[in-house]
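For reference, the structure is listed below as structure tokens.
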Amino acid sequence: MLEYGAAKSYAILRRKDERVILHFDYDCFYASVFEAENPALKSLPLAVQQKQIIVTCNYEARRRGLHKLQLITEARRICPEAVIVLGEDLTRFRDASKLLYTLLRTLSSSERAEKLGFDEVWLDVTSLIDENLTLLNKNDLANSFFQLSLTDPTLGFPFDATVYAGSVFPKDNDSSLADLAPSEQTLQMRLLLGSHLANYLRLQLEEQHGYTSTVGISTTKLVSKLVGNLNKPKGQTTLIPPYEQDEQHESNITRFLDTHDIGKIPGIGFKLAQRLREFVLNRPATFDAGLVYGGTKENVTVGQVRQLPGLSADLLAKVLAGPGTPHDVGVKVLGLLNGIDPTEVSQARTVPRQISIEDSYLRLDTMKELMEQLQSLSARLVERMRIDLTETLDSSTNEAVSTGEKWKWLAHPPTLRLTTRPRAPLNEDGTRQRSFKRISRSAPTPSFIFSQTGLVEVLAERLVKEALLPLFKKLHERSGWNLSLLNVAVTGMVDEGKGGPGRDIGSMFRAAEGSKKELDQQDPFNACPPDEDDLEPEYEEALEQQEFSTWEEQEEDTEEMEYRCPRCGVPVPTFARVAHERFHSYK
DNA sequence: ACGAAATAG
DNA sequence: CGTTCTATTTCGT
242 MLEYGAAKSY
252 AILRRKDERV
262 ILHFDYDCFY
272 ASVFEAENPA
282 LKSLPLAVQQ
292 KQIIVTCNYE
302 ARRRGLHKLQ
312 LITEARRICP
322 EAVIVLGEDL
332 TRFRDASKLL
342 YTLLRTLSSS
352 ERAEKLGFDE
362 VWLDVTSLID
372 ENLTLLNKND
382 LANSFFQLSL
392 TDPTLGFPFD
402 ATVYAGSVFP
412 KDNDSSLADL
422 APSEQTLQMR
432 LLLGSHLANY
442 LRLQLEEQHG
452 YTSTVGISTT
462 KLVSKLVGNL
472 NKPKGQTTLI
482 PPYEQDEQHE
492 SNITRFLDTH
502 DIGKIPGIGF
512 KLAQRLREFV
522 LNRPATFDAG
532 LVYGGTKENV
542 TVGQVRQLPG
552 LSADLLAKVL
562 AGPGTPHDVG
572 VKVLGLLNGI
582 DPTEVSQART
592 VPRQISIEDS
602 YLRLDTMKEL
612 MEQLQSLSAR
622 LVERMRIDLT
632 ETLDSSTNEA
642 VSTGEKWKWL
652 AHPPTLRLTT
662 RPRAPLNEDG
672 TRQRSFKRIS
682 RSAPTPSFIF
692 SQTGLVEVLA
702 ERLVKEALLP
712 LFKKLHERSG
722 WNLSLLNVAV
732 TGMVDEGKGG
742 PGRDIGSMFR
752 AAEGSKKELD
762 QQDPFNACPP
772 DEDDLEPEYE
782 EALEQQEFST
792 WEEQEEDTEE
802 MEYRCPRCGV
812 PVPTFARVAH
822 ERFHSYK
């Protein structure tokens, strides 16, 4: 954790490129979901509509002049033969997103798999890459085999380790491997392995579920996400070394980032970009309204900011200061400009942190209409909670029989929140404020909404009366409200039944991929494996799930062939492999 | 803990 | 660029 050299008032940035991170972006995701449901659509121009706009369209439609955020009327005029489907119900997208995410997480055995929206996933595949680095036969790199599993050496794919899979940046790569410093050569090999893993995973997404994707491969979330954009759709790009700048080489990271508009950098949003542009251009804020699609705008690049004389974290902190700005923006942004991003790919969660349902209105100013809308939003919220926060109980288990319950809550959100956006709030003096800001109030979540017997509609009605109306009164004590938005949310969910390591399927994978160094330091003479009776109850469930999710691809191999643990050499029967791995992973 | 703000798809 | 409907993180209190 030494990305930033320690210093009081200024920070010295240091590269740290010890990870391999893949960033997946599913191509025109919404359109692909409809194509997966109905493959006949693949050859047709297909667009997905929400309200009055095309939110995305397939590449056949793009060839005919359709594009994102296009008005339906315009789309119809330009391409009357286009198939336009409604995509306002997000359920199918949420389901497809989960399916693909599960495949990526399972195949890469990655503890760290982070979703952004429905169509992006980061994988930190460092452990898997480093394992495979040690398995390479340097005398026959062209005929390498990438092992996806520590326990099953046959699970994986052959590949040619003398070349990258897919595209690289920079293309005109003139520096040969031998020119690079040893650390850069290692990085080169790790990224090369990453490119082949990415290629394999893209193939699996397409073969198993029919989705094409675009991938970026590098050492940080920042760069992996940006570099993927160079070859889309259905492509992948690896940002190749050198990453570190020295006398002979310019850093490819800097070379790549410097041409980007400042606002294109993830983490530099609208506000920060505006302040940076203003600072570089040395003139008051530039307007940002009224731009036509594809129109020009003030272009300030990462390179322009990065190369400003006297630039420091302190200077950036002063430039970027404002209400709500994080205190470490200076260091963070200076890092981003230099392609340094220590942000970890976060662990897979079993439940989201919050669920919210909202709707917007042209006018909402009567109590009757308010009650109806709160009722509708509440019902949708309870439905979503039952989908996203529960796990269906197997009717054959004891638990279901003893409790008579149909499902188990995976989380109990402690907080209920009501948010509104007043359209023209009336002050005491009768003047009008123009604001699109949201205001909210929250309260403890009433426990009755976790009822398994209550009808959604009934629970929703009670939620409105007992919890939401009091919150609404807190928000709008004075009369004369007129709302343009209502939002009802439950927040603060934490993964339950996940008290410590080894208590969920995710950490089983994590354990199985734990760092090689640690595993090698285990005492090889320890007795193993432990009796199944000694395992925690969660083990059985985890074993079943793991078998299902990682071993189902094997077509044969149902024979009892003897398998010896690669760590300690003891024979381990198939059914006990997970337990055995676990034994090694925890001291 | 609560409410707002910033960022992102 | 905007908007809509989300979701996450972080700030100040």
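Numbering (my numbering) for the first sequence: 242 to 828.
We put the beta carbon where it would ideally sit given N, CA and C, even for glycine.
Quantities reported herein were computed from a predicted structural model and do not represent experimental measurements.
query, result
"LEU287 versus PRO321 - alpha carbon distance", "11 angstroms"
"Contacts around ARG547, its chain only, beta-carbon distance under 7 angstroms, and the 5 residues preceding and following it disregarded", "ASP499, LEU578 and ASN579"
"Three-way DSSP call (helix, strand, coil) for PHE270 in this model", "helix"
"When ILE509, VAL362 and GLU519 are compared against LEU340, the one with the closest alpha-carbon", "VAL362"
"Alpha-carbon spacing of LEU605 relative to ARG662, whole angstroms", "10 angstroms"
"Beta-carbon gap between ALA439 and SER597 smaller than 8 angstroms", "no"
"Cβ-Cβ separation, ASN378 to GLN388 (assumed contact under 8 angstroms), whole Å", "Their Cβ separation, rounded to whole angstroms, is 13 angstroms, which puts GLN388 and ASN378 out of contact at 8 angstroms."
"Under 8 angstroms between C-beta atoms of ALA402 and LEU433", "yes"
"Separation of LEU428 from GLU352, as counted between CA atoms", "21 angstroms"
"8 angstroms Cβ cutoff met for SER692 and LEU700", "yes"
"Rounded separation between TYR267 and ARG346 - CA only", "15 angstroms"
"Helix, strand or coil at ASP600 according to DSSP, with G and I counted as helix", "strand"
"Those runs of the alpha helix (DSSP H) which lie wholly inside the segment 436-509 and span at least 4 residues", "462-469 and 493-498"
"Distance, GLN293 Cα to LEU603 Cα", "15 angstroms"
"For GLU800, the three-state DSSP class (helix, strand or coil)", "Low confidence applies to GLU800: its pLDDT is 25, below 50, so where it sits in the model is not reliable enough to give any reading."
"Where GLN545 sits in the DSSP three-state scheme", "helix"
"Whole-Å CB distance - ILE325 paired with GLN290, under 8 angstroms assumed", "5 angstroms"
"GLU361: first and last residue of the uninterrupted beta strand (DSSP E) it sits in", "361-365"
"Same chain, Cβ closer than 6 angstroms to CYS269, neighbours up to 5 away in sequence not counted", "THR297 and ASN299"
"Buried/exposed call for MET734, threshold 16 Cβ in 10 Å", "buried"
"In DSSP terms, what HIS264 is bridged to", "TRP363 and GLY457"
"Through-space distance from LEU467 to LEU391, alpha-carbon basis", "31 angstroms"
"With 16 other Cβ atoms within 10 Å as the buried cut-off, status of PRO483", "buried"
"Close Cβ partners of ALA302 (< 7 angstroms) along its chain, the five nearest in sequence each way excluded", "PRO286, LEU287, ALA288, CYS320 and ALA323"
"Cβ-heavy atom distance, THR566 to the ligand ZN, below 7 angstroms", "As for the ligand ZN, it is missing from this structure, which has no ligand bound."
"Counted within 10 angstroms of its Cβ, other Cβ atoms place PHE677 as buried (16 or more) or exposed", "exposed"
"Sequence-distant residues of the same chain with beta carbon closer than 6 angstroms to SER681, five excluded per side", "ARG658 and THR660"
"Paired residues, beta bridge with GLY695 - DSSP", "DSSP, once it has assigned bridges, lists no residue as partnering GLY695."
"Whether GLY476 touches GLY407 by CB criterion (8 angstroms)", "yes"
"Run of the beta strand (DSSP E) containing GLN388, from where it starts to where it stops", "385-388"
"Host beta strand (DSSP E) of GLY397 (start-end)", "397-400"
"Beta-ladder partner(s) of PHE614, from DSSP", "What sits at residue 614 in the sequence shown is Gln, not Phe. Bridge partners of GLN614: none, in fact."
"Residue(s) in a DSSP beta bridge with ALA288", "CYS298 and ILE325"
"Rounded straight-line distance, which links the Cα of LYS609 to that of LYS647", "35 angstroms"
"Three-way DSSP call (helix, strand, coil) for LEU374 in this model", "helix"
"Straight-line gap, ASP360 to SER338 (C-alpha atoms, nearest Å)", "6 angstroms"
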